[in-house]
Structures are given as structure tokens and as C-alpha cells.
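Protein sequence lines correspond, in order, to chains A and B. Under our numbering, the letters of the first sequence match residues 1 to 259, in that order. Under our numbering, the letters of the second sequence match residues 1 to 304, in that order. The structure under discussion appears below in the form of C-alpha cells.
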Amino acid sequence: MKPLGRIYLVAILIFLYTPILVMMAMGFNASPLYELPFSFSLQWYQALWSNTVLLTAGLNSIIIATITAVLATTLGTMASVALSRRTFRGKSLLQLMLLPPIAIPWLITGTAMLIFFYWSGIGRGMHALLIGHVALAIPYVVLVVGTGFRTIRSDLEEAAMSLGSTPVHAFFSVTLPLLYPSILGAALFAFAVSLDQFVISYFLATPGYTTLPVQIYSSIRKGFTPEINAISTVLLLGSMTIILIFARFAKPGDTRDKR
Amino acid sequence: MQNDQLTSASERGPSGPRSRWTLPSWISTTALLLPTYGWLTLAVFLPLLTMFVFSFMSATPMGKAPIVFTLKQYRAFIDQPYLVGIGITSLLIGFWTTLFCAVLGFLAAVALVRSTFGKTREMLLILVLLPFWTNGLVRVFSWTMVLRENGFLDNLLHMIAPDAGSIGFLYTRYAIVVGLVHGYLPYMILTCYIALVAIDDAIIEAASSLGARWWTILFKILVPLAAPGLISGSVLIFIPVIGSFMEPRILGGRVGVTMGTVIEDQFTQAFNWPLGASLSFTLLAVVLAIFATFSGVLRRGTAA
Chain A
1 MKPLGRIYLV
11 AILIFLYTPI
21 LVMMAMGFNA
31 SPLYELPFSF
41 SLQWYQALWS
51 NTVLLTAGLN
61 SIIIATITAV
71 LATTLGTMAS
81 VALSRRTFRG
91 KSLLQLMLLP
101 PIAIPWLITG
111 TAMLIFFYWS
121 GIGRGMHALL
131 IGHVALAIPY
141 VVLVVGTGFR
151 TIRSDLEEAA
161 MSLGSTPVHA
171 FFSVTLPLLY
181 PSILGAALFA
191 FAVSLDQFVI
201 SYFLATPGYT
211 TLPVQIYSSI
221 RKGFTPEINA
231 ISTVLLLGSM
241 TIILIFARFA
251 KPGDTRDKR
Chain B
1 MQNDQLTSAS
11 ERGPSGPRSR
21 WTLPSWISTT
31 ALLLPTYGWL
41 TLAVFLPLLT
51 MFVFSFMSAT
61 PMGKAPIVFT
71 LKQYRAFIDQ
81 PYLVGIGITS
91 LLIGFWTTLF
101 CAVLGFLAAV
111 ALVRSTFGKT
121 REMLLILVLL
131 PFWTNGLVRV
141 FSWTMVLREN
151 GFLDNLLHMI
161 APDAGSIGFL
171 YTRYAIVVGL
181 VHGYLPYMIL
191 TCYIALVAID
201 DAIIEAASSL
211 GARWWTILFK
221 ILVPLAAPGL
231 ISGSVLIFIP
241 VIGSFMEPRI
251 LGGRVGVTMG
261 TVIEDQFTQA
271 FNWPLGASLS
281 FTLLAVVLAI
291 FATFSGVLRR
301 GTAA
């Protein structure tokens, strides 16, 4: 059975990676109509360099993702402290309230945000995108940091406090250093969630202020050139790097006691 | 303020220093939770509420037409019978995508658990999950290169049989399903993998030493014991798939009309927000019904 299982896994990997690799390869093909035979060319990457629309959208994406990561990680970590270390009534309801941003299809959330932001005068654009992205990222941060809390023992804080440390001091000198891989992981995760978010951005972006996925989508629908492959390749490699760093820091499957 | 809320935790410390301005712990707990839940209320819960109100309006309140509250939008499936067909198409696309993901993903998880171990398994798991965390839009776009006429698939075929016709099937419903399976398969592999890893090896050894064949082990032991993983994976795939609009647009072209694309059109082209809102809410009702049905399984799945 063992070799058969491995052959099957390789087949699954081929299925998962073939389109991605074909797409990446086409970014290096000279033909604007994706025609073969393949002839290597960097012209689409050069064209990208002077395509201010795509580059601006890319810069917008990075700025939004950075602010989202900072805000969502701060807010989410605060909530996680309360949800992991305190007992109070209504806690399970609050935990349940974290699910809608993850579980409801983004199409529904996105259209609802469009209606509400229009109606309330918040409008669309960068601030609207930020409000949406942070809301999507917070539940993931609470989950990742919450997992981190489960791996460190609360008696360490209590020990520090019984030895005369103030709770603030105990939190910043004992809990936070133990928690920092999870918090860093959560921040990277939030960054990636925001960077890859398309559906909600699509409804909240304005023609003057778009993010990279939204700009790629409208380019695809207008009829595309390998320039889109070039920028897509950059975006994919960027996300993959962030997620690999995340896996390195947060170790989602690691539940060993950290002392 | 910051000091106050954290100092209050000292109430729990056995001999922590108590300062005279210690706050009750509920205040600090509230202060810790308020920003997150305030943000979620502003960005998610108020919008859903507003959308609910909009779904009862007779027209988008931006034009000149006077606004009347009506149930008209919810009669759309009766007044516009073509929507029923579109709804069925969306459900079918969701069904086939989920089924393919379940079969392919479950077997992949079995192969991961039974045929690999240690570093190899870790590496393969990361490789399987990596595409899931990359841009879905870009991955859907990449399928157009593979599936289109004279694309990668055609070229592969023509290397073997130069005279064969085109097997490219871009702009069909099959293309939509392939793209969606590609997008959500890692989800199923992960949920099934978590369920399968928990199964004790001794059970399978006992079964095979008693003469059970591989298919007996698969269907009588692995599938029932990993059922929570299979079900939660299916629910978590089916729900976003019936609400998808970008995959049907890019891979389905003109045939890619689903509930998702209809809703998108109401908001971006037709400018009929109340109809879009009522369709969105109908979709949400389906989603909530599915969650309610499987909530027991899902809760066990997240607790594990």
C-alpha cells in the first residue's frame, strides 16, 4: 500500500501545482497570446516595471496589509487575553461571534459592507477597505494567539505575581515573551489574509483606489496579457513566503508545553 | 488606563500587591474585549443588519423613486423563474465540487497518514496546504492557461497524438468545478488528516491481522472514524462554493451564471441593491441552515 499511497500523493501535488507552474512559466514566454513554442523573455516583467496602475495597486495592497496586520494583531491579542485567561458570563457567545467573518461567504459580507458603508456615509476607498480587512483578520488572530495561550501555562504568571511582580510586569516579562511566536505568527497571518483578500476589496474599492487582486480581476476581464502572469507570480511567491515564515513561527500543530 | 486594567488582574494573584485604585475585573475584561467586538459590530454585524433592512425596500434609495417597504424582493424566485434554474445550477456546482473534494481529499489524507511519516509527511502536508493560502483569484486565472483551447492540456495531448482535436474545456461548467476543486481540496485534506491522525494504529493492525482487506479497513474503519473530518470539510467547502462568483465568471464565461454572479450583477451592473440584498439573505439562510444541521459535528471538530 505504501508505494501506491505515495504515487497518489504525487498525483495530487501535480494537480495542485500544474496550473500555478504553467501560469508562472507563461510570464516568461515572449508571445503576448500565450502561444507556444516557448521562447524565454523578460519583457513582461519589464513592462510591469513601467505599469504604474498595477504597481500602485500593489503598493496599496502592501500598505493596507501592513496596517491590517498591526491593528488586527493588537486588537485580537487583547481580546485573546480576556477570552483565554478570564472567566465571565457570555464568553461562549463572544467566541461564537468570531465565526461570521470566517464562515459567512465573503460575497454576503462584502455586499453587506457595501450597503452599510454607503448608507452610513463611511463610503468606499482606503478607510473602508481597512475596516473590512481588519474585521476579517481579527478572528484568525484570536484563534492563533488563543492556541498560543493554551501552550503556555498560567501558573508561570501566577508564580511571578506571588513572588511580588505586578500583573502588568508579569504579563510583559513572562507571558508576552512566551507568547511572542504566536503573536508574530498571527501578524503574518493577518498580513497574508489582507494581501490575498479579493471579494470584499472588490466591493469596497473605488476606481481611484484599488488593491492588487481587484486590479488583476479587472485586467483579466478586460482581456489579459502575460503582464498579469508576471504580477501574479510575484504575488503568489510573496504569499507563499509569508505563509512559510508563519508556519516556522506559529507551528500550528505544536502543542508541547513551552517552559 | 492600561495600568488600571492590568493591575486589576492582581485580584486573582494569591498575594499580589493590591493598589487602592484597583478596578473590578469586569471593567478590565470589557476594556480588553471592547475594541475587537466594537470593530466587528461596525464592520460585520451592522452591515448584515442594514442589508436585511435593504432587502425589504422597493428600490435602491439612490434614485428618485420613492422607497416603499415590500416583500417583493423575496418573491424573486416566483416572479423571475429563471432564478430557480440558476439556484439549482449553483447547488449542483456546490455538490459536485464537494463530492470531488471529499473523495480526492480523503484518499490523500489516508495516503499521508498511512504511507508517510516524520519529516516527509511534514513536508508533504506543507506542500499540499501551501496553495490554499495563496491568492485564489490568481489560481483560478492560472487554470485558464491550462484548460483553454490550444492551452497546456491541448499541447500535452498533441505531443502524444498530434492529430487529436482539442480537449480544452474552458468556459464550461466542468471548468468551474475543476477550478473550485483546486481551490478547496487542501481544506478537505487538512480536516480529514486531523481526523485520521487521531485513529489508533492498533485498530487497523488488529483488523488486518484478523484478515480484513484494504477496502474493508477503508470503509468499515477509516471512513466511519474520520466522518467528523469529512463532514466538517464538506460543510466548509460547500458554503463558500455556493456563494462563489469570481470562479464562475473567469472559468465559466457566458455559461458561468450562478447565484454568486447574479448577486454581484445586482450590486455592480443592475444597481438593484434590494434584490441583491434579498438574494444574499436567501443564500445566508441556506448557509445558516447547513451550519445548524451540522453544528454538533462542527463543534466536535473544532474542540479536537
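Even glycine gets a Cβ: it sits at the ideal position worked out from N, Cα and C.
query                                                                                                                                                                      : result
Can you give me the start and stop residues for the alpha helix (DSSP H) that GLY267 of chain A sits inside?                                                               : Outside the shown range of chain A, which is 1 to 259, sits residue 267 of chain A, and nothing can be said about it.
Note down, in chain order, each residue of its chain lying with its Cβ closer than 6 Å to the Cβ of PRO100 of chain A, except the 5 sequence neighbours on either side.    : none
When DSSP labels each residue in this structure, what does SER295 of chain B get in the three-state scheme?                                                                : helix
Around the C-beta of GLU264 of chain B, are 16 or more other C-beta atoms found within 10 angstroms, so that it is buried, or is it exposed?                               : buried
Determine the direct distance from the alpha carbon of MET188 of chain B to that of ALA292 of chain B, and round the result to whole angstroms.                            : 20 Å
How close, in whole Å, do the beta carbons of LEU83 of chain A and VAL142 of chain A come, if the pair is a contact with beta carbons under 8 Å?                           : 7 Å
Just the Cα atoms here: how many angstroms apart are LEU284 of chain B and MET259 of chain B?                                                                              : 12 Å
For TYR217 of chain A and THR56 of chain A, I'd like the C-alpha separation in whole angstroms.                                                                            : 15 Å
Tell me whether VAL68 of chain B is buried or exposed, calling it buried when 16 or more other Cβ atoms sit within 10 Å of its Cβ.                                         : exposed
Counting C-beta neighbours from all protein chains within 10 Å, is the total for SER295 of chain B 16 or more, i.e. buried, or is it exposed?                              : exposed
State yes or no: is the beta carbon of TRP215 of chain B nearer than 7 Å to at least one beta carbon in chain A?                                                           : no
Closer than 6 Å by C-beta to VAL174 of chain A: which residues in its own chain qualify, once you throw out the five before and the five after it? Chain order, please.    : LEU156, GLU157, ALA160
Would the stretch 188-205 of chain B and the stretch 216-229 of chain B be scored as touching if the rule is three or more Cβ pairs under 8 Å?                             : yes
Indicate whether the contact test is met: 3 or more Cβ pairs, each with one atom in the stretch 26-38 of chain B and one in the stretch 63-81 of chain A, closer than 8 Å. : yes
Tell me, please, whether the CB atom of ALA79 of chain A is closer than 7 Å to any CB atom in chain B?                                                                     : yes
Spell out whether any CB of chain B is found under 7 Å from the CB atom of PHE88 of chain A.                                                                               : yes
List, in chain order, every chain A residue whose beta-carbon is nearer than 9 Å to that of TYR187 of chain B.                                                             : Within chain A, no residue comes near TYR187 of chain B; the closest Cβ sits about 12 Å away, beyond 9 Å.
Counting only Cβ pairs nearer than 7 Å, list the residues of chain A close to PRO35 of chain B.                                                                            : LEU75, MET78
Closer than 6 Å by C-beta to LEU91 of chain B: which residues in its own chain qualify, once you throw out the five before and the five after it? Chain order, please.     : none
For the candidate residues A:ARG248, A:MET126, A:ARG6, A:ARG150, whose alpha-carbon lies nearest to that of PHE117 of chain B?                                             : A:ARG6
With a floor of 4 residues, list each alpha helix (DSSP H) that falls wholly inside the stretch 1-67 of chain A, ordered by position along the chain.                      : 2-26, 43-49
With respect to the alpha helix (DSSP H) encompassing MET259 of chain B, which residues constitute its N-terminal and C-terminal limits?                                   : 259-268
What residues of chain A sit near PHE245 of chain B, judged by a beta carbon separation below 7 Å?                                                                         : LEU107
How far does the alpha helix (DSSP H) with PHE189 of chain A in it extend, from its first residue to its last?                                                             : 176-196
Who pairs with PHE56 of chain B in a beta bridge, going by DSSP?                                                                                                           : Per DSSP, none; premise fails for PHE56 of chain B.
Does PHE238 of chain B get closer than 7 Å to chain A when you measure Cβ to Cβ?                                                                                           : no
Just curious, the alpha helix (DSSP H) that THR89 of chain B is in, first and last residue?                                                                                : 82-115
By Cβ distance, which residues of its chain are closer than 6 Å to PHE40 of chain A, with the 5 residues on each side in sequence left out?                                : PHE28
Hey, out of B:THR41, B:PHE219, B:VAL262, whose CA is closest to LEU94 of chain A's CA?                                                                                     : B:THR41
If you count every other CB in all the chains shown that lies within 10 Å of the CB of GLY165 of chain B, and 16 or more means buried, which is it?                        : exposed
For PHE116 of chain A, name the three-state secondary structure that DSSP assigns.                                                                                         : helix
Run through the DSSP bridge pairs and tell me what THR206 of chain A is partnered with.                                                                                    : A:TYR209
Any Cβ of chain A within less than 7 Å of the Cβ of MET57 of chain B?                                                                                                      : no
With a CB to CB cut of under 8 Å and the five nearest residues on each side skipped, what residues in its chain are close to LEU218 of chain B?                            : VAL110
Per DSSP, PHE69 of chain B is paired with what?                                                                                                                            : B:MET57
When you compare the CB positions of LEU129 of chain A and SER201 of chain A, do they come within less than 7 Å of one another, or not?                                    : yes
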